[in-house]
Amino acid sequence: MNPVIARTFDPYLLSRVEDAGLNASAPPQQRWIDGWLIRLSPGKAKRARCINAVAAGRMPAAHKLALCEPVYAQAELPLIVRITPFSEPIGLDAMLESMGLQRFDDTRVMVLQDLAGNADSSLPVGVSIHAVGLEAFAQRVGALRGSPLSQRLAHGQRLVQSPVPFHAFELRMDNDVVACGQFAQEADLVGLYDIFTAEAARGRGFASLLCTHLLAEAHQRGARHAYLQVDGDNHAARAVYHRLGFGDAYAYHYLSRDPSAA
């Protein structure tokens with residue numbers, strides 16, 4: 000069964016959030032196959048190199064998988080399918096598992112329904128936040144994560160060519176970069192992306208400071224609602240977001256036959 004949405008959220012808002020997340024993660028390498036949005040970015044983000052079943056289409060799932068497999072093989076990427084509460088048809092999850100695809104990476108979409116209470120972006124002494132270019136940001140967050148150069152370059156390309164504008168920032172403590180993050184804004188929706196704190200600086204509240212600044216910046220630009228995506232087992236990050244007012248809205252996960260996909 001496909002994941003479900005939380006009853007405490009407006010389904011219309013969550014549908015918009017899902018669309019905004021797809022738009023913000025759109026790579027230049029994508030195509031359409033009978034209701035499936037096929038993404039082929041060589042970068043790290045799986046949502047930019049997976050299949051999104053956004054419409055039911057006309058062909059059986061097995062037929063579409065057979066069409067997609069050589070496309071992913073040619074791109075030298077594992078075939079991955081992303082399953083959300085909005086995936087079509089309902090029951091696609093179980094259908095694909097019956098074909099031998101294995102589930103992995105439970106992810107939560109968290110939503111903040113009203114940004115009005117997150118306007119305070121004051122910073123303690125010694126802490127500063129600076130805007131950075133998108134390609135420079137991709138290099139920065141990639142270095143903090145230990146990502147290879149190919150993934151950093153693909154990330155930068157996707158950000159620069161994104162149909163939704165991104166705004167990237169880094170947080171410095173006494174001039175040392177200790178955290179970075181960015182947001183993508185579409186109308187009154189803002190998504191927080193790539194929030195990352197250097198390992199040696201974790202547990203000191205830098206992620207909360209940075210997110211608060213990003214939300215305040217987006218609020219000034221007209222954003223009213225916020226969303227983000229976080230690994231289901233990343234309890235430390237989820238606790239930070241809960242304190243900022245985000246709630247679990249819905250989950251998604253991935254399916255693949257390739258063990259390396261995870």
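Per numbering that gives the first Met the number 0, the sequence shown starts with residue 0, numbered consecutively.
Each residue gets a CB set at the ideal place from its N, CA and C atoms; glycine is no exception.
Because the structure is a prediction, the values reported are computed rather than measured.
In angstroms with no decimal places, state the Cα-to-Cα distance between residue i and residue j.
{"i": "Ser259", "j": "Arg139", "result": "25 Å"}
{"i": "Leu100", "j": "Leu254", "result": "6 Å"}
{"i": "Gly276", "j": "Ala61", "result": "Missing from the structure shown is residue 276; the chain here goes from 0 to 261 and no further."}
{"i": "Arg193", "j": "Lys63", "result": "Per the sequence presented here, residue 193 reads as Asp, with Arg not at that position. Straight-line Cα distance between these residues: approximately 32 Å."}
{"i": "Gly202", "j": "Thr211", "result": "16 Å"}
{"i": "Ile37", "j": "Ser121", "result": "42 Å"}
{"i": "Arg157", "j": "Ile79", "result": "19 Å"}
{"i": "Ala178", "j": "Ile32", "result": "39 Å"}
{"i": "Ala74", "j": "Ser146", "result": "19 Å"}
{"i": "Gly204", "j": "Ala238", "result": "12 Å"}
{"i": "His154", "j": "Asp9", "result": "32 Å"}
{"i": "Gln184", "j": "Glu96", "result": "35 Å"}
{"i": "Glu216", "j": "Gly246", "result": "21 Å"}
{"i": "Phe182", "j": "Ala167", "result": "7 Å"}
{"i": "Ala248", "j": "Tyr11", "result": "12 Å"}
Taking buried to mean at least 16 other C-beta atoms within 10 Å of its own C-beta, is residue i buried or exposed?
{"i": "Trp35", "result": "buried"}
{"i": "Ile89", "result": "exposed"}
{"i": "His218", "result": "buried"}
{"i": "Met98", "result": "exposed"}
For the candidate residues the options, whose alpha-carbon lies nearest to that of residue i?
{"i": "Arg144", "options": "Arg157, Pro69, Gly180", "result": "Gly180"}
{"i": "His208", "options": "Leu170, Arg6, Leu39", "result": "The question names His, but residue 208 is Leu in the sequence shown. Closest by alpha carbon: Leu170."}
{"i": "Arg151", "options": "Phe165, Leu133, Ser161", "result": "Leu133"}
{"i": "Ala47", "options": "Ala55, Arg30, Met58", "result": "Arg30"}
{"i": "Arg57", "options": "Asp257, His252, Glu87", "result": "Glu87"}
{"i": "Phe103", "options": "Ala115, Arg81, Asp113, Gly42", "result": "Arg81"}
{"i": "Leu214", "options": "Pro59, Gln112, Leu66", "result": "Gln112"}
{"i": "Leu174", "options": "Val126, Gly244, Glu198", "result": "Rather than Leu, the amino acid found at residue 174 in this sequence is Asn. Out of Val126, Gly244, Glu198, Val126 has the C-alpha closest to the C-alpha of Asn174."}
Tell me the DSSP secondary structure of residue i in three-state form.
{"i": "Asn22", "result": "helix"}
{"i": "Asp33", "result": "coil"}
{"i": "Gln112", "result": "coil"}
{"i": "Gln160", "result": "coil"}
{"i": "Cys67", "result": "helix"}
{"i": "Asp105", "result": "strand"}
Could you tell me whether the Cβ of residue i comes closer than 8 Å to any Cβ of chain B?
{"i": "His154", "result": "No chain B is present in this structure, which holds just one protein chain."}
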